[in-house]
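Everything on this sheet refers to the single structure shown next.
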Amino acid sequence: DYEVDEGKYRDLCEYVAALRNGGVDHVVLHARPVVLSGLSPSKNRSVPRLDYAVVERVALEFPELRVTLNGGVGGLEDLEAMMAMRREGSGAIS
19 DYEVDEGKYR
29 DLCEYVAALR
39 NGGVDHVVLH
49 ARPVVLSGLS
59 PSKNRSVPRL
69 DYAVVERVAL
79 EFPELRVTLN
89 GGVGGLEDLE
99 AMMAMRREGS
109 GAIS
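Numbers given in the numbering used here equal positions in the sequence shown, counted from 1, plus 18.
Now the structure itself:
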């Protein structure tokens, strides 16, 4: 299983903060980390696994930004689960 590298997560947050500080009010984040070597483009679309939690963490850390999830919503069931999280107050992704 893929685990979030906290150093890379902090780098992502610094990048998002720089965007915000530059006047951006909406970011679109892909839920899958890219692997730059060793995988074909088609494999990179399925490995490593999607990690919605990283996008969710960014959305929660930057409540002043609109954070949109890009990638991997496979159908109505996935969307309903995300919307349920928002209704319960635990979801921040738009």
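Just so it is clear, CB atoms sit at the ideal spot from N, CA and C, and this is done for glycine as well. Just so it is clear, the structure is predicted and the values come from calculations on it, not from any experiment.
Checklist entry - How long is the line joining the alpha carbons of L94 and V73, rounded to whole angstroms? => result In the sequence shown, residue 94 corresponds to position 76, counting from 1. In the sequence shown, residue 73 corresponds to position 55, counting from 1. Taking the straight line joining both Cα atoms gives about 19 Å.
Checklist entry - Taking 7 Å as the cut-off, is the CB of M101 close to at least one heavy atom of the ligand ATP? => result The model on display carries no ligand, and the ligand ATP is accordingly not part of it.
Next on the checklist: Just to confirm, is the Cβ distance from H44 to R84 under 8 Å?
Outcome noted: Reading the sequence shown from its first residue, position 26 is the one you call residue 44. Reading the sequence shown from its first residue, position 66 is the one you call residue 84. Taking 8 Å as the Cβ cut-off, H44 and R84 qualify as a contacting pair.
Checklist entry - When the Cα atoms are used, what is the spatial distance from V42 to A71? => result For the purposes of this step, residue 42 is taken as the residue at position 24 of the sequence shown. For the purposes of this step, residue 71 is taken as the residue at position 53 of the sequence shown. Distance between the alpha carbons of V42 and A71: 22 Å.
Checklist entry - DSSP three-state call for V53: helix, strand or coil? => result Position 35 of the sequence shown holds residue 53. DSSP places V53 in coil when its eight states are reduced to three.
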